[in-house]
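Engineer: Protein chains in written order, with the numbering used here: chain B, 1273 to 1605; chain F, 1273 to 1605; chain Y, 1273 to 1605; chain V, 1273 to 1605; chain D, 1273 to 1605. For reference, the structure I am asking about is given below.
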Amino acid sequence: MNNISSHSTLEVYSFADNHLQKNLITAPEELHSYLGKKERKFWVNIPSLTDENLLQQVSEIFDIHPLVIEDILNTSQRPKIEEFDHQIFVVTKMLYSKNTIREIQAEQVSLVFGDNYIISFQETPQDIFDGIRLRLENPKSKMRKLGTDYFTYALIDSIVDEYYVILELFNDAVENCEDQIIKNTNSISLESIHNYRKTLRKIKHSTWPIREILSLWRKSEHPLIKRKNLTYVNDVYEHSIEILEGLELQRETLSNLAELYMTQLSIKQNEVMKTLTVISTIFIPLTFISGIYGMNFEVMPELQWKYGYLMVWLVFSVMIAGMIVYFKKKNWF
Amino acid sequence: MNNISSHSTLEVYSFADNHLQKNLITAPEELHSYLGKKERKFWVNIPSLTDENLLQQVSEIFDIHPLVIEDILNTSQRPKIEEFDHQIFVVTKMLYSKNTIREIQAEQVSLVFGDNYIISFQETPQDIFDGIRLRLENPKSKMRKLGTDYFTYALIDSIVDEYYVILELFNDAVENCEDQIIKNTNSISLESIHNYRKTLRKIKHSTWPIREILSLWRKSEHPLIKRKNLTYVNDVYEHSIEILEGLELQRETLSNLAELYMTQLSIKQNEVMKTLTVISTIFIPLTFISGIYGMNFEVMPELQWKYGYLMVWLVFSVMIAGMIVYFKKKNWF
Amino acid sequence: MNNISSHSTLEVYSFADNHLQKNLITAPEELHSYLGKKERKFWVNIPSLTDENLLQQVSEIFDIHPLVIEDILNTSQRPKIEEFDHQIFVVTKMLYSKNTIREIQAEQVSLVFGDNYIISFQETPQDIFDGIRLRLENPKSKMRKLGTDYFTYALIDSIVDEYYVILELFNDAVENCEDQIIKNTNSISLESIHNYRKTLRKIKHSTWPIREILSLWRKSEHPLIKRKNLTYVNDVYEHSIEILEGLELQRETLSNLAELYMTQLSIKQNEVMKTLTVISTIFIPLTFISGIYGMNFEVMPELQWKYGYLMVWLVFSVMIAGMIVYFKKKNWF
Amino acid sequence: MNNISSHSTLEVYSFADNHLQKNLITAPEELHSYLGKKERKFWVNIPSLTDENLLQQVSEIFDIHPLVIEDILNTSQRPKIEEFDHQIFVVTKMLYSKNTIREIQAEQVSLVFGDNYIISFQETPQDIFDGIRLRLENPKSKMRKLGTDYFTYALIDSIVDEYYVILELFNDAVENCEDQIIKNTNSISLESIHNYRKTLRKIKHSTWPIREILSLWRKSEHPLIKRKNLTYVNDVYEHSIEILEGLELQRETLSNLAELYMTQLSIKQNEVMKTLTVISTIFIPLTFISGIYGMNFEVMPELQWKYGYLMVWLVFSVMIAGMIVYFKKKNWF
Amino acid sequence: MNNISSHSTLEVYSFADNHLQKNLITAPEELHSYLGKKERKFWVNIPSLTDENLLQQVSEIFDIHPLVIEDILNTSQRPKIEEFDHQIFVVTKMLYSKNTIREIQAEQVSLVFGDNYIISFQETPQDIFDGIRLRLENPKSKMRKLGTDYFTYALIDSIVDEYYVILELFNDAVENCEDQIIKNTNSISLESIHNYRKTLRKIKHSTWPIREILSLWRKSEHPLIKRKNLTYVNDVYEHSIEILEGLELQRETLSNLAELYMTQLSIKQNEVMKTLTVISTIFIPLTFISGIYGMNFEVMPELQWKYGYLMVWLVFSVMIAGMIVYFKKKNWF
């Protein structure tokens, strides 16, 4: 792994309308020269939070508030946006799943942008910004032309797009679960519904504050946030609402599925009970009658009758037939 | 099918107070000349989204934002309204059902209007705007006289009117379902309640944002939206609220029906249990007594008694009668 | 019936501080002369909506918006208030019950008022405004002195007062239902709770928008709505809230009653099960023992014992006594 | 009882910083002289609403709006605050319990205050304002120094303080109920939970609008309500919120208790079922085996075997032992 | 214990940028001299509320409103913030747990701050402010440099940080409870879920108003609250929201766990019922057949057949096999 090198090496993209340069720098001090060139913007990606010393240096160069650095390091920080005079700070959560919906991971991505720089802090080195790098290479890309707020929007957009993938996976899983419950296969366990609900709560927990961030962004009057780029932010905002509505739909579906499961249990129990009742109700009285003629009283006139045994069989048959008719009428089988 | 021709041929209605002309054009460039004549308004209907090239050309002629074209093409776009300096963009969902409430289809209809043009984008060629065409032919119609915002309102109104049809169908289906549950016919399956709930969620999902769109429209201060036409928009807005309230009513009804179904299951189980208990409680003790006198002990004085057998029958009768009285008093049958 | 005459004859009350005249006019054109006399106000009641021609004429005389006429004719219109420059339009729902709470009827009453006129449109001829007529005859009545907005308020007030009657009826019905559930009489069926809930939803559906109308009225700045009369509107507004709170209370009560019903079913089932279990658990082992000594093995020493039979009875008694003690301790009977 | 005298005799407290005089007047007209002395304030307590004539006179002297008198007389009036140019009108509900929480009574107390007078209307003569009288006698009391709004605040405060007593009683009752459910004593009946819920709804119904009144008071800009006294109103406002939160807590607790009760019913039923199943599953097969050897076939070789009977006992023992092991493993007893 | 001395001895920290002095004073009058030195700030900690005389003196020195002293003494006061011209008063609740989550204690901490002083009132002497003392000793600490509002923020922050500890403990307990339910160990009792819910409600009850306080603080325009320190308050505010969201998540989890528990009870009951039904359904008919041939009729031809007994065994075997196949198909075991 080149994790070690990636800690000490920073990837810096310096760009302008007709300019793009990628540099790998090892000394954070070099960033001072980038900051000075106001006609160019640059993006620094810090791929992991392990090198606290580096973070300290970066924080000093860009004049980042100590509480912000604290928030960046606290990877269970709730997503939020905070405005300072010279820069804006955004915490977001990236969701990704390894294989199945059960292994959803949340990772914190923090963003700081000023008038000519964007800094992104990843929790662990991931390739989430590959799409961004590709778009940046395109000289006609809006990422080069529009301000740092557009650039930050593009980073958030690429994060939010991943939520759709997760939601899609989740929808499939729930639909599959629903099919199994309706088909009444025993393979579906109650715990799986319970686990889906838990996962859902976790996803919602990450998504909700992102909607809030974008809502605050839209209403912000900070000079770094330009009116003309708001159409783009509205777009991600709509996406975040769409995802939340999708999650809410799934929540209701799961709650209905749990209810459906419960009702099916009751239906099954009813069926079991009916079987027991039908069999018991038919045979317990018959057994009683056969018991009567198993008694050893000396004086039992029926026992001597020639057709006694036949008659008893007749009684048995009539009783069985009667019971069957009765249960048929009650719709019990 | 004339789908192919419909892709390349655009239906254009040019109209004014005392003028109506329908043209079929094949080259989108011809639209430039329409745009120029500011004293006339025109409506272009694009019946399907398959010809991306055409969309591109139209987008350039009318100066439509790239994100708008993206939203038009993404047919799972959430309904929304977006205002630009020179035009307003609206996404709506049309609902229609083939035969039963189970086969509800949602189709996206996007609308763009400027000072003298209205463009409508359908997902697939459907005859939803036939009513509009008819009204347009009437020289006294408000569609000719009032602005493009009224025209757009009329298009949305004709879409929202279809929701009433769906709601009516849904109400009938739920009422039918309710009747069957109360009459306790076994034909109604739990899955049907579950499916109605699912369909309801889907309809609500489409309707909710339409209410939002109309609410934003009412509050909008965009110059394309004229104060004097707001009475009409208020009307559709009221309709959307009415539909949502109708859906909410159905949601509550379905949730109560599910509860009713559960309770009826319990009542049935109680009945089954009572049958079992009554029969068992009567005959199990009797069987025990008959078992006693079936024992083969050498010394069993009762067996030699002359009226032993008769007495046993007396015991049987008294016990049965006692049980019946007891269960009658307990209201068990 | 004089329905036919009532269609073509309009009842017009012309009034001022010291003046009251009731006229029956047949030609709507006569209303023009009333409109002209600004120093007097007048009230026209249109008792049914069957004569569309009449409505058309009235609408032209009073310059009523076509959408308003549409709303008046659509008797499933949601209650609403709409302000125009020269008049205000209000749709309300009147509720009345024939005998029991099950037969609640909703009827639409639409009101239009301008600076010196009030028009009321009833769905069918009903005597709901008799109280109004009485008050009008009193020369000191505020109805004569205060503006047309007060008059409209008085009409709405007389409609809302009927809601209290309905709520009272409903409370009685629910309380009765509650008594029966707690006393556990079998006569109360689950469907009645279900039906009360349904009725409740229907009443709420009509009441909710009336509260909204009154809330809008209070905030309105329309010149026809006078500040000094707001105390009266606040009063009806408070009433509408009181009714809604009463309905909400009933909704919660009904939901608790349904739960109570369910729990009582479980309690009853527990009781049934206990009876079955007690009887079975006592007699099944006894039957087994009697079965043992009913076997026909040649070598069964107990059978020859002199006190065998007595001992078996002893065993029976000990077992029965033990079981009874056990079940008593478990509180099972 | 001196109820009769109390109807015709009014208790009037006239007070200023260094002055306090209590008068009993019989003719309401005497109040005119009090009204004139602007340098002094006075409080009139009307202890019951039975003398409508008196109310009429008082209403004329203090220029009280007819609707206010109507609200005072309607003892099921929802608590509210209404501002007039020259006075403010407040309706509140006093709650008190005789002995247990089940006998909660609500009584209406209406308050009207102007620049130098406070009038309180009680539904029935109660001693709720004894504390107020005591404080008034203290020459340093704020009640004498601060305005009539403070005096009214003090009256409301003494009413709200009673709510704490009720809440305390209620908490104790619910806690007691909870203990009994957890200890699973049969003495607690389902109806008591149901009744607590009902009582709770009733208390909440009275408390909620009081919070609203105080919230409106805080925001009011009426000249009778002085900014500097708002700290006191904030205090009662906080109290009303605290009481509502306490009620909400109890509501959730009761709803959980009902659920707990239901679950315990299920647990008990499970236990009953297990007993039945264990006994039946053990003895029914044994009875069958004993039945086999009770058959009277002529050719049944086992019956002649010397150790046949012993072997059957062996089979019995093995089967019983096997079953017990099986049920132990299943944790069924 | 030095509780007695701590009552009469007050700990006073006087501090400035380059100054820190800790004094123990016994006479509250000494505080006057501190109040006079406006260039220094000071913090007084009053470790318990037992000495009312002391509180009275302090209240006079700092001109604290009598209602504030009342709130400080009433240790069940709901957390709140109240602004006065010269000072701000904050009530908070400190939560701490002895060992397990069941023993959560809430203790009231009240704070009063003016332009150069901060007074903290503890319910009982606890060491919660040790961290504060440590930070104060650091000459570079912001606590010395920034205003009294920052100091108060720091005190609240140290209190809110304890909530995270409680939340963590709670999460662990719930997770443990969830594991046990899913693994279906009988050790978990229903009461523990019930108790967790109760504890949760209690924690939420304390946390909710703290969020409110911080929200009011953020919006406050009081001169004692400085704009530039708002970043810090935003931070605690975010923390309070995070804690509330964590509690809400736990609430939903517990409610799902209760549902899961109920469903597992049903599943277990189904299993019990199936066992009973399978055994009964197999053996009851067999017992009946054996009963038939135990009858003592003189004429029973089967009994004389040579292979009668064998045939009966055949019938038994066929019936058992048939039943087993049937139940296997029904998935009953």
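No residue lacks a Cβ here, since even glycine has one placed at the ideal position from N, Cα and C. Owing to the predicted nature of the structure, the values given are computational and were not obtained by experimental measurement.
Determine, using beta carbons only, whether Leu1586 (chain F) comes closer than 8 Å to chain B.
Structural biologist: no
Engineer: Am I right that Val1508 (chain B) and Val1432 (chain B) are in contact with their C-beta atoms under 8 Å? What's the rounded C-beta distance?
Structural biologist: 6 Å
Engineer: Ile1482 (chain Y) to Thr1525 (chain D), Cα distance in whole Å?
Structural biologist: 40 Å
Engineer: Would you list the residues sitting across from Met1366 (chain V) in a DSSP beta bridge?
Structural biologist: V:Glu1379
Engineer: In angstroms, rounded to a whole number, what distance separates the CA positions of Ser1555 (chain D) and Val1587 (chain D)?
Structural biologist: Here the sequence assigns Phe to residue 1555 (chain D), which means Ser is not the residue at that position. In a straight line, the C-alpha of Phe1555 (chain D) is about 13 Å away from that of Val1587 (chain D).
Engineer: On the criterion of 16 or more Cβ atoms from any shown chain inside 10 Å, does His1358 (chain B) qualify as buried, or is it exposed?
Structural biologist: exposed
Engineer: How is the alpha helix (DSSP H) around Trp1489 (chain D) delimited, first residue to last?
Structural biologist: 1462-1491
Engineer: Provide the residue span of the alpha helix (DSSP H) that contains Glu1283 (chain F), from first to last.
Structural biologist: That residue, Glu1283 (chain F), is in no alpha helix (DSSP H); its beta strand (DSSP E) goes 1282-1288.
Engineer: Relative to the C-alpha of Met1583 (chain V), which candidate in Y:Val1584, Y:Ser1589, Y:Met1567 has its C-alpha closest?
Structural biologist: Y:Met1567
Engineer: Beta-carbon of Phe1555 (chain F) versus every beta-carbon of chain B: anything under 8 Å?
Structural biologist: yes
Engineer: Which residue comes first and which comes last in the alpha helix (DSSP H) that contains Lys1600 (chain V)?
Structural biologist: 1580-1601
Engineer: Helix or strand or just coil, what does DSSP make of Lys1540 (chain Y)?
Structural biologist: Assigned with DSSP and collapsed to three states, Lys1540 (chain Y) falls in helix.
Engineer: Count the other CB atoms, across all protein chains shown, that sit within 10 Å of the CB of Ile1353 (chain V); report buried if there are 16 or more and exposed otherwise.
Structural biologist: buried
Engineer: Under the assumption that Gln1380 (chain B) contacts Gln1349 (chain B) (Cβ atoms under 8 Å), give the Cβ distance between them as a whole number of angstroms.
Structural biologist: 6 Å
Engineer: Can you tell me whether DSSP reads His1606 (chain V) as helix, strand or coil?
Structural biologist: Because residue 1606 (chain V) is not part of the residues shown, which for chain V are 1273 to 1605, the question remains open.
Engineer: Is Glu1409 (chain B) helix, strand or coil by DSSP?
Structural biologist: helix
Engineer: If you drop the 5 nearest sequence neighbours on each side, which residues of the same chain put their C-beta closer than 8 Å to that of Ser1413 (chain B)?
Structural biologist: Arg1407
Engineer: Do Ala1378 (chain D) and Ser1478 (chain D) have their CB atoms nearer than 8 Å?
Structural biologist: At the C-beta level, Ala1378 (chain D) and Ser1478 (chain D) come within 8 Å of one another.
Engineer: Spell out whether any CB of chain B is found under 8 Å from the CB atom of Met1595 (chain F).
Structural biologist: No, because no Cβ of chain B sits closer than 8 Å to the Cβ of Met1595 (chain F).
Engineer: What is the rounded straight-line gap between the Cα of Val1597 (chain Y) and the Cα of Lys1455 (chain V)?
Structural biologist: 22 Å
Engineer: What are the residues in the segment 1535-1559 of chain Y lying within 7 Å of chain F by C-beta distance?
Structural biologist: Leu1537, Lys1540, Gln1541, Val1544, Met1545, Thr1547, Leu1548, Ile1551, Ser1552, Phe1555, Ile1556, Leu1558, Thr1559
Engineer: Using the beta-carbon of each residue, which ones in chain B are nearer than 8 Å to His1607 (chain F)?
Structural biologist: Outside the shown range of chain F (1273 to 1605) lies residue 1607 (chain F), about which nothing can therefore be said.
Engineer: Ala1378 (chain D) touches chain V at which residues, Cβ-Cβ below 8 Å?
Structural biologist: Per Cβ cutoff of 8 Å: no residues; Ala1378 (chain D) is ~14 Å from chain V at best.
Engineer: DSSP state of Gln1359 (chain F), grouped into three classes?
Structural biologist: In this structure, Gln1359 (chain F) counts as coil in the three-state DSSP scheme.
Engineer: With respect to the alpha helix (DSSP H) encompassing Tyr1435 (chain V), which residues constitute its N-terminal and C-terminal limits?
Structural biologist: 1420-1455
Engineer: Sorted by chain position, which residues of the same chain lie with C-beta nearer than 8 Å to Lys1473 (chain V)'s C-beta, five sequence neighbours on each side aside?
Structural biologist: Rather than Lys, the amino acid found at residue 1473 (chain V) in this sequence is Arg. The answer is none, since no qualifying residue turns up.
Engineer: Does the CB of Lys1578 (chain B) have a neighbour CB from chain D at under 8 Å?
Structural biologist: Taking 8 Å as the threshold, the shortest C-beta distance from Lys1578 (chain B) to chain D falls below it.
Engineer: Apply the 10 Å Cβ neighbour rule to Lys1370 (chain F) and answer buried if 16 or more other Cβ atoms are within range, or exposed otherwise.
Structural biologist: exposed
Engineer: Pro1300 (chain B) and Ile1341 (chain B): beta carbons closer than 8 Å?
Structural biologist: no
Engineer: Are the CB atoms of Ile1318 (chain Y) and Leu1367 (chain Y) nearer to each other than 8 Å?
Structural biologist: no
Engineer: Chain D partners of Ser1562 (chain B), CB-CB under 8 Å?
Structural biologist: Phe1560, Gly1563, Ile1564, Gly1566, Met1567
Engineer: If the cut-off is 8 Å on Cβ atoms, which residues from the segment 1407-1422 of chain V count as contacting chain D, listed in chain order?
Structural biologist: none
Engineer: Figure out for me which residue from B:Tyr1533, B:Tyr1422, B:Leu1321 has the closest Cα to the Cα of Gln1452 (chain B).
Structural biologist: B:Tyr1533
Engineer: Check whether chain Y comes within 8 Å of Phe1287 (chain V), counting only Cβ atoms and requiring the distance to be less than that.
Structural biologist: No, because no Cβ of chain Y sits closer than 8 Å to the Cβ of Phe1287 (chain V).
Engineer: Give a yes or no on whether 8 Å exceeds the smallest Cβ distance from Lys1455 (chain V) to chain Y.
Structural biologist: no
Engineer: From Glu1440 (chain F) to Gln1541 (chain F), what does the alpha carbon distance come to, in whole angstroms?
Structural biologist: Gln1541 (chain F) has its alpha-carbon roughly 35 Å from the corresponding atom of Glu1440 (chain F).
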